[in-house]
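Participant:
Number of protein chains: 2
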Amino acid sequence: MPNSDLLILGIDLGGTKILTSIINPQGKMLSRDHSVTPASKGPEAVIQAILESAERALKGASITIGGVSAIGVGAPGLSDPKAGILFTSPNLPGWEDVPLRDILQEKLKKKAFLINDGSAAALGEYYFGAAKGVSHFVYVTISTGIGGGIVIDGQIYSGSTGMAGEIGHMTIADEGPLCQCGNQGCWEALASGTALARAAQKRIESGEETTILNFADGKIENVTAETIHSAAEKGDRVANELILKTAYYVGVGLANLINIFNPEMIVIGGGLSNIGDRLLKPAYEVAERRAFKRAYQAVRFVQAALGRNSGVLGAAAFAYHEMKKKG
Amino acid sequence: MPNSDLLILGIDLGGTKILTSIINPQGKMLSRDHSVTPASKGPEAVIQAILESAERALKGASITIGGVSAIGVGAPGLSDPKAGILFTSPNLPGWEDVPLRDILQEKLKKKAFLINDGSAAALGEYYFGAAKGVSHFVYVTISTGIGGGIVIDGQIYSGSTGMAGEIGHMTIADEGPLCQCGNQGCWEALASGTALARAAQKRIESGEETTILNFADGKIENVTAETIHSAAEKGDRVANELILKTAYYVGVGLANLINIFNPEMIVIGGGLSNIGDRLLKPAYEVAERRAFKRAYQAVRFVQAALGRNSGVLGAAAFAYHEMKKKG
């Protein structure tokens with residue numbers, strides 16, 4: 424039985440924001456601190472920002488670090504949870520083989536656990552959100568990139584060296600656009616919010632008639648998935664076509680996940696999923712056309728329930744359960 | 424400890440052949456019967472052929488059905504191991520929801536276990552072949568199609584309804600050629616032996632100068648991966664180009680497996696892998712270029728060790744271990 428006295432300091436380190444929270448085993452957030460990641464200033468500055476945010480979160484819950492049992496930190500990029508090392512992260516310049524777990528342990532004098540951000544969010548949804556009680560599922564987050572987590576038998580599948588689950592970097596169009604990972608035609612390069620915005624910018628630049636710019640203060644660099652969505656809602660033809668094309672690519676990748684994993688559930692989170700049915704319905708139809716019928720029929724599609732809190736909640740839950748395992 | 428008195432009747436049902444064998448827990452084949460699958464005659468004829476083959480295998484080992492402890496049967500297509508049902512198989516016309524496990528159990532009066540052929544071959548390599556002692560690996564078989572099996576913690580990952588591991592049907596080129604599964608640009612449609620032969624036939628038909636036909640009795644319908652390989656070995660330029668193109672597609676799919684699973688090992692079997700370095704070296708190079716460097720470095724590529732016996736050995740091992748689990 425979860426002991427509600429056991430509190431965890433959860434940290435969700437992102438390329439643009441740091442979210443820290445004091446969380447109990449039932450997933451209740453006793454405090455929550457949100458700050459900007461000083462990513463361009465390098466690892467030291469970011470770690471300093473994490474420590475300051477943690478302090479505010481502790482203060483918010485009226486405790487000191489002595490009041491928590493462990494720290495769970497979710498981080499983007501490639502990491503090895505066993506070694507506690509963040510190898511590299513496209514969104515965190517200068518991070519190379521940073522022993523983030525041990526650094527936090529030392530600075531805060533508290534046992535810490537490191538987990539990939541996609542895996543953390545998957546665990547958040549598993550313990551407290553849309554996938555409660557579902558032991559075989561794939562979590563997909565579609566935002567600036569595409570990330571995910573694979574849950575098998577209630578455990579994150581992390582592969583031989585902790586790097587499994589990079590589903591955003593499966594090739595779905597071998598001659599497709601370059602991805603920032605160096606590969607070509609990755610799912611992320613075609614179906615992410617960034618890909619959608621880029622496609623819109625191209626069509627605007629080519630002089631097509633569209634109202635998208637009206638939703639972006641007239642500035643092409645302000646065109647995002649959100650502005651395209653707003654234009655689509657007002658009936659803009661180009662915006663609707665762009666969303667449909669993105670939905671198509673989302674569906675191609677979902678079909679791959681269905682054929683490979685035959686999951687009970689696919690949980691879809693991330694900013695782009697907020698577009699909702701306009702994006703997801705056609706995406707599911709593409710997946711239905713492309714996947715094995717039986718495997719498609721076996722899967723339930725569900726939108727993530729925890730929004731921006733999935734990562735920090737999952738990182739805390741991960742720390743809690745790892746601690747329990749180790750006694 | 425394995426008890427060598429426990430014998431298993433292993434059955435490897437394929438679209439073109441049936442292989443049955445009496446196998447001990449150490450993977451020793453006491454007898455082996457090989458026959459043609461009367462696939463076009465439908466399920467009843469095929470089941471009859473299985474029973475006759477089983478009888479010959481038993482006779483070959485000088486025992487009766489009473490002398491085996493269980494039956495393990497590997498079958499192609501989509502099946503549910505828990506229910507023992509073969510849902511459908513592109514290579515077995517007329518098979519729709521056939522309760523193959525229960526049919527064999529009834530006919531042979533012996534406990535039976537059904538497993539997908541790719542999963543069976545993966546288990547064969549795990550217990551007796553190239554992946555002995557490796558608990559996280561992906562088995563890939565490249566022949567007329569592409570199949571596979573995912574081993575996690577020494578167990579086949581079979582998904583929520585037994586259909587996981589259809590890695591041959593992940594899209595790697597969303598607008599690529601139609602696949603017989605109904606999807607487009609599947610790995611199998613681009614990187615299998617069938618795809619290679621079809622590409623060669625196209626180039627021959629278009630009048631390109633090549634010696635491939637010399638290795639196929641001058642008949643275009645006799646052009647196979649083997650004949651292309653033979654021509655390539657004698658320095659045929661077109662044959663070499665065709666193999667390189669296939670290697671490229673093999674590599675694209677391998678990169679996906681590496682990014683998704685971060686496996687310790689990828690075991691490659693199937694007829695096409697017999698081409699060896701001429702195919703596999705360039706394929707690994709493509710995978711290296713496309714996958715995450717760290718994840719690529721973590722994987723070992725190994726050729727399957729059991730050849731055509733991997734499936735029947737794995738089906739037997741599956742039955743043996745399922746039986747042990749159930750006491």
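Sequence lines, in order, name chains A and B.
According to this note's numbering, the first sequence is numbered sequentially starting from 424.
According to this note's numbering, the second sequence is numbered sequentially starting from 424.
In this text, a Cβ means the ideal position worked out from N, Cα and C, and glycines have one as well.
Exposed or buried, what is residue 519 of chain B when buried is set at 16 or more other beta-carbons lying within 10 Å of its beta-carbon?
Facilitator: By 1-based counting over the second sequence, the position of residue 519 of chain B is 96. Under this definition residue 519 of chain B is an exposed residue.
Participant: If the cut is a Cβ gap below 8 Å, which residues of chain B does residue 512 of chain A touch?
Facilitator: Looking up residue 512 of chain A in the first sequence gives position 89. Those do not exist, as residue 512 of chain A stays about 12 Å from chain B at its closest Cβ, beyond 8 Å.
Participant: Can you name the start and end residues of the beta strand (DSSP E) that residue 562 of chain B belongs to?
Facilitator: Taking the second sequence and counting its residues from 1, the one referred to as residue 562 of chain B is at position 139. 559-565 is the span of the beta strand (DSSP E), which, as asked, contains residue 562 of chain B.
Participant: Could you check if residue 629 of chain B is buried or exposed, using at least 16 other CB atoms within 10 Å of its CB as the buried criterion?
Facilitator: Here residue 629 of chain B refers to the residue found at position 206 when the second sequence is read from its first residue. Residue 629 of chain B comes out exposed.
Participant: Residue 665 of chain B bridges to which residues according to DSSP?
Facilitator: On the second sequence, residue 665 of chain B is found 242 positions in, with the first residue counted as 1. DSSP lists no partner for residue 665 of chain B.
Participant: Could you confirm whether any beta carbon from chain B is found closer than 8 Å to the beta carbon of residue 707 of chain A?
Facilitator: Within the first sequence, numbered from 1, the residue matching residue 707 of chain A stands at position 284. Not one chain B Cβ lies under 8 Å of residue 707 of chain A.
Participant: Using 8 Å as the limit for Cβ to Cβ distance, is residue 564 of chain B near chain A?
Facilitator: Reading the second sequence from its first residue, position 141 is the one you call residue 564 of chain B. Cβ-Cβ to chain A under 8 Å: no for residue 564 of chain B.
Participant: Starting from the N-terminal side, write out each stretch of the beta strand (DSSP E) that is 3 residues or longer and does not extend beyond the stretch 564-651 of chain B.
Facilitator: Whole beta strand (DSSP E) segments, 3+ residues: 569-575.
Participant: Give me the subset of the stretch 585-598 of chain B whose CB atoms are less than 9 Å from a CB atom of chain A, sorted by chain position.
Facilitator: Listed by position, the residues of the stretch 585-598 of chain B near chain A (Cβ gap below 9 Å) are 585, 586, 587, 588, 589, 590, 591, 592, 593, 594, 595, 596, 597 and 598.
Participant: Between the Cα of residue 580 of chain B and those of B:746, B:741, B:610 and B:747, spot the shortest distance and give me the residue it belongs to.
Facilitator: Position 157 of the second sequence, counted from the start, is the residue given in the question as residue 580 of chain B. Of B:746, B:741, B:610 and B:747, the residue nearest in Cα terms is B:741.
Participant: Quick check: the stretch 551-562 of chain B against the stretch 475-482 of chain B, are at least 3 beta-carbon pairs closer than 8 Å?
Facilitator: Result no; under three Cβ-Cβ pairs closer than 8 Å.
Participant: Counting only C-beta atoms, is residue 583 of chain A closer than 8 Å to chain B at any point?
Facilitator: The residue labelled residue 583 of chain A in the question sits at position 160 within the first sequence. Cβ-Cβ to chain B under 8 Å: yes for residue 583 of chain A.
Participant: Apart from the five residues just before and just after residue 456 of chain B, which ones in its own chain have a Cβ nearer than 6 Å to its Cβ?
Facilitator: Numbered from its first residue, the second sequence carries residue 456 of chain B at position 33. Closer than 6 Å at Cβ, skipping near neighbours: 443, 476, 479 and 480.
Participant: Within the present structure, is the beta-carbon of residue 473 of chain B separated from the nearest heavy atom of the ligand NAD by less than 7 Å?
Facilitator: Annotation note on the ligand NAD: not contained in the displayed structure, which lists no ligands.
Participant: Does the count of Cβ pairs from the stretch 427-440 of chain B and the stretch 496-512 of chain B closer than 8 Å reach three?
Facilitator: With a cut-off of 8 Å, the stretch 496-512 of chain B and the stretch 427-440 of chain B count as touching, because enough Cβ pairs lie within range.
Participant: So the candidates are A:539, A:513, A:507 and A:546; which of them puts its Cα closest to the Cα of residue 528 of chain A?
Facilitator: Locating residue 528 of chain A in the first sequence gives position 105, counting from the first residue. Considering only alpha carbons, the answer is A:507.
Participant: Quick one: is residue 425 of chain B buried, meaning 16 or more other Cβ sit within 10 Å of its Cβ, or exposed?
Facilitator: If you number the second sequence from 1, residue 425 of chain B lands on position 2. At residue 425 of chain B the pLDDT is 46, less than 50, meaning the model places this residue with poor confidence; the figure from the coordinates comes in the next sentence. Its Cβ having fewer than 16 others within 10 Å, residue 425 of chain B is exposed.
Participant: I need the DSSP call for residue 656 of chain B, collapsed to helix, strand or coil.
Facilitator: Numbered from 1 along the second sequence, position 233 holds the residue referred to as residue 656 of chain B. Of the three classes helix, strand and coil, the one that applies to residue 656 of chain B here is helix, per DSSP.
Participant: Exposed or buried, residue 439 of chain B, counting other C-beta atoms within 10 Å across all chains shown (16 or more means buried)?
Facilitator: Along the second sequence, read from residue 1 onward, the residue named residue 439 of chain B stands at position 16. By the neighbour-count rule (16 or more Cβ atoms within 10 Å), residue 439 of chain B is not buried but exposed.
Participant: Cβ closer than 8 Å: which chain A residues qualify as neighbours of residue 675 of chain B?
Facilitator: Here the question's residue 675 of chain B lines up with position 252 in the second sequence. What residue 675 of chain B touches in chain A: 594 and 597.
Participant: What does residue 457 of chain A touch in chain B if you count any residue whose Cβ is under 9 Å from its own?
Facilitator: Along the first sequence, one-based indexing puts residue 457 of chain A at 34. Result: empty, since nearest Cβ-Cβ is about 30 Å, beyond 9 Å.
Participant: Please list, in chain order, all residues of the same chain as residue 568 of chain B whose beta carbon is under 6 Å from its beta carbon, the five residues on each side excluded.
Facilitator: Sequence index remark: in the second sequence, residue 568 of chain B carries index 145 (1-based). So the qualifying residues of the chain are 591, 611 and 615.
Participant: Residue range of the beta strand (DSSP E) that residue 722 of chain A falls in?
Facilitator: Working through the first sequence from its first residue, we reach residue 722 of chain A at position 299. Where residue 722 of chain A is concerned, there is no enclosing beta strand (DSSP E), given that its DSSP letter is neither H nor E.
Participant: Candidates A:491, A:516 and A:711: which alpha carbon is nearest residue 739 of chain A's?
Facilitator: Numbered from 1 along the first sequence, position 316 holds the residue referred to as residue 739 of chain A. Ranking the options by Cα distance to residue 739 of chain A, first place goes to A:491.
Participant: Which residues in the same chain as residue 733 of chain B place their Cβ atom closer than 7 Å to its Cβ, once the five residues preceding and following it in sequence are excluded?
Facilitator: As a working mapping, residue 733 of chain B is identified with position 310 in the second sequence. Excluding sequence neighbours, residue 733 of chain B sits near 544, 547, 548, 552, 692 and 727.
Participant: Taking the beta strand (DSSP E) that residue 540 of chain B falls in, what are its first and last residues?
Facilitator: Your numbering for residue 540 of chain B matches position 117 in the second sequence. Not the beta strand (DSSP E): residue 540 of chain B falls in the alpha helix (DSSP H), residues 540-551.
Participant: Classify residue 424 of chain A as helix, strand or coil using the three-state DSSP reduction.
Facilitator: Here the question's residue 424 of chain A lines up with position 1 in the first sequence. Residue confidence for residue 424 of chain A is low, a pLDDT of 36 falling below 50, so the modelled location carries little weight; the figure read from the coordinates is stated next. Here residue 424 of chain A sits in coil by DSSP.
Participant: Give the DSSP-derived three-state secondary structure of residue 430 of chain B in the structure shown.
Facilitator: Here residue 430 of chain B corresponds to residue number 7 of the second sequence, with the count starting at 1. Of the three classes helix, strand and coil, the one that applies to residue 430 of chain B here is coil, per DSSP.
Participant: For the stretch 720-743 of chain A, enumerate the residues whose C-beta is nearer than 8 Å to any C-beta of chain B, in chain order.
Facilitator: Cβ contacts with chain B come from 721 and 722.
Participant: How about residue 501 of chain A: is its C-beta nearer than 8 Å to some C-beta of chain B?
Facilitator: Within the first sequence, the letter at position 78 stands for residue 501 of chain A. Cβ-Cβ to chain B under 8 Å: yes for residue 501 of chain A.
Participant: Hey, could you find the ends of the beta strand (DSSP E) residue 692 of chain A is sitting in?
Facilitator: Residue numbering aside, residue 692 of chain A sits at position 269 when the first sequence is read from its first letter. Per DSSP, residue 692 of chain A belongs to the beta strand (DSSP E) from 688-692.
Participant: Alpha carbon to alpha carbon, what distance is there between residue 645 of chain B and residue 654 of chain B?
Facilitator: As a working note, residue 654 of chain B is residue 231 in the second sequence. As a working note, residue 645 of chain B is residue 222 in the second sequence. Each residue's alpha carbon lies about 13 Å from the other.
Participant: Say whether the stretch 687-707 of chain B touches the stretch 593-607 of chain A, bearing in mind that this needs 3 or more beta-carbon pairs closer than 8 Å, one atom from each stretch.
Facilitator: Short answer: they don't touch.
Participant: By how many angstroms is the C-alpha of residue 437 of chain B removed from the C-alpha of residue 621 of chain B?
Facilitator: Locating residue 621 of chain B in the second sequence gives position 198, counting from the first residue. Locating residue 437 of chain B in the second sequence gives position 14, counting from the first residue. If I take the Cα positions, the gap works out to 22 Å.
Participant: If residue 722 of chain A sits next to residue 686 of chain A, beta carbons under 8 Å apart, how far is it from one beta carbon to the other, in whole angstroms?
Facilitator: On the first sequence, residue 722 of chain A is found 299 positions in, with the first residue counted as 1. On the first sequence, residue 686 of chain A is found 263 positions in, with the first residue counted as 1. With a Cβ gap of about 6 Å, residue 722 of chain A and residue 686 of chain A count as contacting.
Participant: Quick one, are the C-beta atoms of residue 667 of chain B and residue 710 of chain B less than 8 Å apart?
Facilitator: Indexing the second sequence from 1 puts residue 667 of chain B at position 244. Indexing the second sequence from 1 puts residue 710 of chain B at position 287. Not a contact, by the Cβ cut-off of 8 Å.
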